[in-house]
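Student: Residue 253 is where the sequence shown ends in my numbering, and the numbering goes up by one at each step.
Glycine residues also receive a C-beta, built at the ideal position from the N, C-alpha and C atoms.
Note that this is a predicted model, so its numbers are computed, not measured.
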Amino acid sequence: MKVVVFDDGGLMGVETALWVRDHGHEVGIVSAPAGFDALTPEEVADALHGCAVVIDLVHQPHSATGTFPTQNGRADGLLRAAIAAGVRHHVCLSAVGVDRVRDDAAFTALRAREAMIERSGIPYSILRSTQLFEAAEAIADTATEDGAVRVPPLRVQPVSLTDVAMYLAHIAVSRPLGGAHEIAGPERFGLDRFVRIALATDADRRPVHTHAHSPFLGARPRTSDLLPGPGAYVAQTSYREWLAGRPVPEVSS
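#1: Three or more beta-carbon pairs under 8 angstroms between the segment 177 to 188 and the segment 124 to 139, yes or no?
#2: DSSP beta-bridge partners for ASP56?
#3: Select from ILE122, HIS89, PRO221 the residue whose C-alpha is nearest the C-alpha of ALA95.
#4: At which residue ranges does the segment 87 to 175 contain complete beta strand (DSSP E) runs of 3 or more residues, listed in the order of the chain?
#5: Taking 8 angstroms as the threshold, find out whether the segment 131 to 150 comes into contact with the segment 198 to 216 through three or more Cβ pairs.
#6: I think ARG188 touches ARG155, with their Cβ atoms under 8 angstroms apart; what is that distance to the nearest whole Å?
#7: Between ALA198 and VAL91, which are expected to be in contact by the criterion C-beta below 8 angstroms, what is the C-beta distance as a whole number of angstroms?
#8: Let me check one thing: in DSSP terms, what residues is ALA184 bridge-paired to?
#9: Closest to GLY24 by CA distance: which of ARG113, THR40, MET1 is it?
#10: Report all residues from its chain with a CB closer than 8 angstroms to the CB of SER238; omit the five preceding and five following residues, and keep chain order.
#11: In angstroms, rounded to a whole number, what distance separates the CA positions of ASP22 and THR201?
#12: First and last residue of the beta strand (DSSP E) that includes GLY13?
#13: List the DSSP bridge partners of PHE36.
#14: What does DSSP give as the partner residue(s) for VAL208 in the beta ladder?
#15: Provide the residue span of the beta strand (DSSP E) that contains GLY218, from first to last.
#16: With burial defined as no fewer than 16 other Cβ atoms inside 10 Å of the residue's Cβ, what is the status of GLY73: buried or exposed?
#17: Return helix, strand or coil for GLY50, following the three-state DSSP convention.
#18: Among ALA203, MET166, ARG119, which has the Cα closest to the Cα of GLY178?
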């Protein structure tokens with residue numbers, strides 16, 4: 001079976017493709033760092049020739065602005081191309097909380113994208129992930145003002161990128177879910193503690209404060225809006241284990 005991963009040039013696409021290959025399937029990667037519209041129709045058609053499953057990792061919100069680098073209509077472009085190619089399973093990565101957070105931000109855009117997929121007529125699977133361990137520093141950077149990090153009082157249950165990629169691959173080579181499923185890590189933290197641990201590990205001395213009016217990716221979720229539901233798949237990699245596997249940062253004297 002041929003599986004094609006459309007990604008934004010990040011690590012998620014590469015890891016997902018490797019896990020698909022471990023399942024014994026043919027896999028291709030189409031990287032579009034500038035967005036799906038940067039690909040020509042010929043490139044897309046060639047990549048999708050003989051393809052049974054598409055994994056869409058292109059249309060992810062920008063970590064700094066909480067908005068899509070490409071518009072929703074371009075997500076529709078991939079769907080239309082998949083329909084034309086006879087793709088039998090469309091898999092996409094979304095975020096836990098899209099069904100609860102209603103602000104005009106990344107979550108609204110992700111939910112609109114999910115709705116497109118649901119209406120497309122292609123058998124589909126949507127995987128909603130909690131925050132990635134790898135995103136902690138980006139969250140801190142976007143929340144930094146006057147040298148301090150200010151985050152809202154949220155509870156999070158972050159997960160490793162590798163665990164998400166592994167589960168995406170498993171879903172892709174299985175029967176379509178026909179709905180959304182969630183994945184999370186094994187531990188819950190306050191968002192402030194999650195970020196503070198990452199900064200301390202990197203010898204980053206920025207103070208981290210909780211501020212009730214601080215946004216998260218342009219949205220204002222309630223305290224538990226980013227936590228998974230009871231039916232979520234809980235990955236086994238802990239934050240401590242993930243941090244232990246990272247290179248030790250150099251500290252200048």
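Tutor: So, from the listed chains and residues:
#1: Touching, yes, given that three or more Cβ pairs across the two stretches are closer than 8 angstroms.
#2: Paired residue(s): PHE6, CYS92.
#3: The candidate whose alpha carbon is nearest that of ALA95 is PRO221.
#4: Whole beta strand (DSSP E) segments, 3+ residues: 89 to 95, 124 to 129, 148 to 151.
#5: Output reads yes: the segment 198 to 216 touches the segment 131 to 150.
#6: Going by Cβ atoms, the distance from ARG188 to ARG155 rounds to 6 angstroms, so yes, they are a contact pair.
#7: ALA198 to VAL91, Cβ: 29 angstroms. No contact.
#8: DSSP, once it has assigned bridges, lists VAL234 as partnering ALA184.
#9: Check the Cα spacing between GLY24 and each of ARG113, THR40, MET1: the tightest is with MET1.
#10: Same-chain partners within the cutoff: GLY185, PRO186, GLU187.
#11: For ASP22 and THR201, the distance between alpha carbons rounds to 32 angstroms.
#12: Careful: GLY13 lies outside any beta strand (DSSP E), inside the alpha helix (DSSP H) at 11 to 22.
#13: Looking at the DSSP assignment, PHE36 forms no beta bridge with any residue, so it has no partner.
#14: Bridge partners of VAL208: VAL149.
#15: No beta strand (DSSP E) holds GLY218; DSSP gives it neither H nor E.
#16: Reliability of the predicted coordinates at GLY73 is poor, the pLDDT of 44 falling under 50, and no value is obtained from them.
#17: In this structure, GLY50 counts as coil in the three-state DSSP scheme.
#18: Nearest of ALA203, MET166, ARG119 to GLY178, Cα basis: ARG119.
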